[in-house]
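In order, the protein sequences belong to chains E and C.
Just so you know, we're using the numbering used here here: the first sequence kicks off at 2 and counts up by one.
Just so you know, we're using the numbering used here here: the second sequence kicks off at 1177 and counts up by one.
Data first, discussion second: the structure below is written as structure tokens.
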Amino acid sequence: MDDLAADADHLPTIEAATVVRVTATGFEAPLVLAAVRDGGRLLTARLEVDPEALPPPGTPVSVTGTEADGWTATPV
Amino acid sequence: MVSTYLAGTAMTPFGRSDASLLDLAVTAGKDALLESGIEPSEIGCLYVGTFLGQSLERQGVLASLVARELGLGNVPTTTVEGACASAGIALRHAAMAVGSGSTGAALCIGAEKLTSHPLDEVTAGLGEALDRETDQRAGLTFAGFFGLVAAAHAARFGTTRRDMAAVSVKNREHGASNPVAMFRRPVGQDDVLASRLIADPLRLLDCSPIADGAAAAVVTGDRPDGGVRIAACEQASGAVGLRHIEDLTTFPATTSAAGAAYARADLGPRDIDVVELHDCFSIAEIVDTEDLGLLPRGEAAAAISDGVTLDGTPGVVVNPSGGLLSRGHPVGATGLAQIHELRLQLTGAATRQHPSAEVGLAHNLGGCGATATVTILTVDR
């Protein structure tokens, strides 16, 4: 498992976040997702926050997971 | 290249329909042929755009079926899939076929049948235009993607919820006079802001509705009555998933296609009188307006709120048909419905007529910027 926040010089941040309230088959709503800026690239990550309190852009996050299994972001 | 013209266009009403996907496509094709005065035997090739014709309707080779129903004989047929830009791409191929001189007339149709399917199946089907390896797997939807775009645009440029609502209010006002629009009831800012959240910060009235419908165009090399010429019909590709995106506040496929279209037509954004652009969500119209160069980057939201794109006096009018937000969005048909509206505008036949339209621009966006077409229409007097 990758942990992108484990690198002290490398702290991903939330570029934008949304709460998907009407989901497609197999996903439970509400689904909190974020575009996370990790260096020069964006990741699609499940965001572990209260759906009614979305963190603002620029919030640093810890990101765990893999591209194959999906990323999970947690504000730090 | 041979000059190419729109000899005829047509569309079915957009909304809920009991007609089949095939019947919708055939109806639009027949009506466009009638409008053009071109006989089916004169059509040299057919392009049919549809996105979910296979996934939801389980119908492949739709173009060949349509050709038989229209009596086109054994002409070459191609079914085109480019997500929401399927019809724009179908038009581009028809224009290239005529422009190359390989045929004197081509027919293109866009068609989609969505409302008879459960919403979660349609949502999942639309999601097929997102990156399967990452975004689909995470549960991202198109509303979710444009929710991210809205959040990023707000963070960078200060775009407000009221700015986004103003787009919906404008397009619902426009659509109120469009007899084939799905929604013809105007809404106010408070209605938009009170509608239920779909994907923060986007609410129900920020989202274009899925619909059934079809639209078609006959492209010829000979100048028809009205003289509506295809001055440019360009296409570009871009990101399929978030991992390919550098900046959530712009779609490079749009900027590339627009740049190529302006160059080919030898025109610029200031020459455009009337625009039909891809307002799949209210925030999309703000981004598209900037990507097309119609308004400076970061300034479109406030300008639209101020009514700059409302009626074209002076300046440009955007989505006089009501756009996707009001006309409805039968995905694979939308690009040619835009063309139909512009042809009406340029021949003085639109229900919400621009006072002096000479140049029109259509913008059709597929996926989260995976593909885009930009078409510029002028009038040869």
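Each residue gets a CB set at the ideal place from its N, CA and C atoms; glycine is no exception.
Just to confirm my understanding: we take residue i, look at its own chain, exclude 5 residues before and 5 after, and list those with CB closer than 6 Å. What are they?
i, result
"ALA1273 of chain C", "CYS1221, THR1279 and ALA1282"
"GLY1499 of chain C", "ASN1347 and ASP1455"
"ALA1328 of chain C", "LEU1424 and THR1425"
"ALA1436 of chain C", "GLU1410"
"THR1203 of chain C", "THR1188"
"LEU32 of chain E", "VAL21 and THR24"
Do residue i and residue j have their C-beta atoms within less than 8 Å of each other?
i, j, result
"GLY71 of chain E", "ILE15 of chain E", "no"
"GLU1517 of chain C", "ALA1526 of chain C", "yes"
"ILE1552 of chain C", "LEU1443 of chain C", "yes"
"LEU43 of chain E", "ALA18 of chain E", "no"
"GLY1320 of chain C", "VAL21 of chain E", "yes"
"TYR1223 of chain C", "ARG1405 of chain C", "no"
"GLY1511 of chain C", "GLY1364 of chain C", "no"
"THR73 of chain E", "ALA36 of chain E", "no"
"ALA25 of chain E", "ASP1296 of chain C", "yes"
"GLY1389 of chain C", "GLU1288 of chain C", "yes"
"ALA1195 of chain C", "PHE1227 of chain C", "no"
"SER1240 of chain C", "PRO1400 of chain C", "no"
"ALA1183 of chain C", "VAL1394 of chain C", "yes"
"GLN1235 of chain C", "LEU1197 of chain C", "yes"
"PHE1322 of chain C", "ALA1415 of chain C", "no"
"ALA1208 of chain C", "ALA1243 of chain C", "no"
Tell me which residues share the same chain as residue i and place their Cβ nearer than 7 Å to its Cβ, disregarding the 5 neighbours each side in the sequence.
i, result
"PRO1362 of chain C", "ARG1348, GLU1349 and ALA1352"
"GLN1514 of chain C", "GLU1452, ALA1538 and ASN1540"
"ALA1433 of chain C", "GLU1410, GLN1411, ALA1412, ALA1548, THR1549 and VAL1550"
"VAL1178 of chain C", "VAL1274, GLY1275, GLY1277 and GLY1397"
"LEU1520 of chain C", "ALA1526"
"ASP1467 of chain C", "THR1426, PHE1427, THR1430, THR1431 and ALA1434"
"LEU1248 of chain C", "PRO1216, ILE1219 and LEU1222"
Beta-carbon of residue i versus every beta-carbon of chain E: anything under 8 Å?
i, result
"GLU1297 of chain C", "yes"
"THR1317 of chain C", "yes"
"LEU1369 of chain C", "no"
"ALA1546 of chain C", "no"
"GLY1504 of chain C", "no"
"GLY1474 of chain C", "no"
"GLY1303 of chain C", "yes"
"ALA1460 of chain C", "no"
"ALA1328 of chain C", "yes"
"LEU1424 of chain C", "yes"
"ALA1239 of chain C", "no"
Quick one: what's residue i bridged to in DSSP?
i, result
"PHE1118 of chain C", "In the structure as shown, chain C starts at 1177 and stops at 1557, and residue 1118 of chain C therefore has no counterpart that could be examined."
"ALA1548 of chain C", "C:ALA1412 and C:LEU1541"
"GLU1118 of chain C", "Here chain C comprises residues numbered 1177 to 1557, so residue 1118 of chain C is not present and cannot be evaluated."
"PRO61 of chain E", "E:THR14"
"THR1198 of chain C", "For the record, residue 1198 of chain C in the displayed sequence is Leu; it is not Thr. The partner list for LEU1198 of chain C (beta bridge, DSSP) is empty, contrary to what the question assumes."
"ALA1390 of chain C", "C:ALA1287"
"PHE28 of chain E", "Paired residue(s): none; PHE28 of chain E is not in a bridge."
"VAL1404 of chain C", "C:VAL1555"
"LEU1241 of chain C", "Note: LEU1241 of chain C sits in no beta bridge, so no partner."
"THR45 of chain E", "E:ALA36"
"ALA1186 of chain C", "C:ALA1392"
"THR1254 of chain C", "C:TYR1223"
"PRO76 of chain E", "E:VAL62"
"LEU1512 of chain C", "DSSP, once it has assigned bridges, lists no residue as partnering LEU1512 of chain C."
Just the chain E side, please: which residues come within less than 7 Å of residue i by C-beta, in chain order?
i, result
"ASP1311 of chain C", "THR45"
"GLY1323 of chain C", "THR19"
Starting from the C-beta of residue i, find all residues in its chain whose C-beta is less than 8 Å away, skip the five residues before and the five after it, and write them out in chain order.
i, result
"ARG1528 of chain C", "HIS1350, SER1353, ASN1354, PRO1496 and SER1497"
"SER1344 of chain C", "VAL1363, VAL1368, LEU1381, ASP1382, SER1458 and LEU1501"
"ALA9 of chain E", "Here the model assigns ALA9 of chain E a pLDDT of 48, short of 50, so the residue's position is not dependable, and the following value carries that caveat. Cβ within range, chain order: n/a, list empty."
"ASP39 of chain E", "LEU5, HIS11, PRO13 and VAL64"
In chain C, what lies closer than 7 Å to residue i by C-beta?
i, result
"LEU55 of chain E", "ASP1376"
Along chain E, in chain order, which residues have C-beta atoms closer than 9 Å to that of residue i?
i, result
"ARG1419 of chain C", "ARG42, LEU43, LEU44, THR45 and GLU68"
"ALA1331 of chain C", "GLU16, ALA17, PRO57, PRO58 and GLY59"
Show which residues of chain C have a CB atom less than 9 Å away from the CB atom of residue i.
i, result
"ALA74 of chain E", "Residues of chain C passing the Cβ test: none, with the nearest at roughly 11 Å."
Residue i versus chain C: which residues are under 8 Å apart at the beta carbon?
i, result
"LEU12 of chain E", "Correct list: empty, because the minimum Cβ distance to chain C is about 18 Å."
"VAL23 of chain E", "LEU1295, THR1299, THR1317, ALA1319, ILE1374 and ALA1375"
Would you say residue i lies against chain C (beta-carbon separation less than 8 Å)?
i, result
"LEU48 of chain E", "no"
"PRO61 of chain E", "no"
"THR19 of chain E", "yes"
"THR26 of chain E", "yes"
Using a C-beta to C-beta distance shorter than 8 Å, which residues of chain E count as neighbours of residue i?
i, result
"ALA1387 of chain C", "Within chain E, no residue comes near ALA1387 of chain C; the closest Cβ sits about 17 Å away, beyond 8 Å."
"ALA1314 of chain C", "LEU34, THR45, ALA46, ARG47, GLY71 and TRP72"
Contact criterion: CB-CB distance below 8 Å. Does residue i meet it with respect to chain A?
i, result
"THR1255 of chain C", "Absence of chain A from the displayed structure is noted, the protein chains being E and C."
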